[in-house]
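In the working numbering, the protein residues as written are 3 to 169.
What follows is a set of notes on a single structure, which appears directly below.
Shown next as structure tokens:
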């Protein structure tokens, strides 16, 4: 599980076990658990997890996750898979680069997740608004690249890319 998935899982556990009414409260709990995030990242994470604020019996508000009884890590993994399926449109390989096309605005998050893999075969990423360039170590084949990225790329995208001839 990468850092983002771990963080999402922790957020889910905290929201399920505490009455948290603000992002500041959640940020403090995350920090107490060794996870420091910015407000912008936390806001995106809450959106990814499809949280909503609901009124409490005492007149305040708390965050609630729109899932019924699913394990915390499964919720985080499902949320990330849903986002990836919706945001990644295609992948192409041209040695030593993999080009990933995304919906507008999603490339940065995809590049972040790829950087989290921390493989010596991935030299780095560059993200635009809707494209991620992944530079690979010399000698990495398309199949090796797709295997490295299988945590990030949805299976149907990999299957479609495997049908393309290697360049």
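Glycine included, every Cβ here is placed at the ideal spot set by N, Cα and C.
Task: N- and C-terminal bounds of the beta strand (DSSP E) containing residue 54 - done: 53 to 57
Open item on the list: With H, G and I counted as helix, E and B as strand and the rest as coil, what does DSSP make of residue 96?
Closed with: strand
Task: Where residue 64 sits in the DSSP three-state scheme - done: strand
- [ ] Could you tell me which of 90, 137 and 122 sits nearest to residue 100, measuring between CA atoms?
- [x] 137
TODO: Identify every residue that forms a DSSP beta bridge with residue 129.
DONE: 134
TODO: Taking residue 6 as the reference, give the member of 92, 145 and 117 with the closest Cα.
DONE: 117
Open item on the list: Whether or not the region 122 to 142 and the region 53 to 66 are in contact is what I'm after, with contact meaning three or more pairs of Cβ atoms, one per stretch, closer than 8 Å; do they touch?
Closed with: no
Task: Where residue 165 sits in the DSSP three-state scheme - done: coil
Task: Own chain, CB closer than 7 Å to residue 103, minus 5 neighbours either side, in chain order - done: 91, 92, 132 and 133
Open item on the list: Can you tell me whether residue 170 is helix, strand or coil according to DSSP?
Closed with: A query on residue 170 cannot be resolved here, the shown segment of the chain reaching from 3 to 169 and no further.
Task: alpha helix (DSSP H) segment containing residue 116, residue limits - done: 109 to 117
Open item on the list: Quick check on DSSP: helix, strand or coil for residue 142?
Closed with: coil
Open item on the list: Taking 7 Å as the cut-off, is the beta-carbon of residue 17 closer than that to any non-hydrogen atom of the ligand SAH?
Closed with: Only the bare structure without any ligand can be found here, which leaves the ligand SAH out of the picture.
Task: Separation of residue 112 from residue 156, as counted between CA atoms - done: 12 Å
Open item on the list: Once DSSP output is grouped into helix, strand and coil, what is the label at residue 102?
Closed with: strand
- [ ] Give the DSSP bridge partners of residue 22, in chain order.
- [x] Residue 22 pairs with nothing; no bridge assigned.
Open item on the list: Can you list, in chain order, the residues of its chain with a C-beta nearer than 8 Å to that of residue 39? Leave out the 5 residues immediately preceding and following it.
Closed with: 9, 29, 32 and 47
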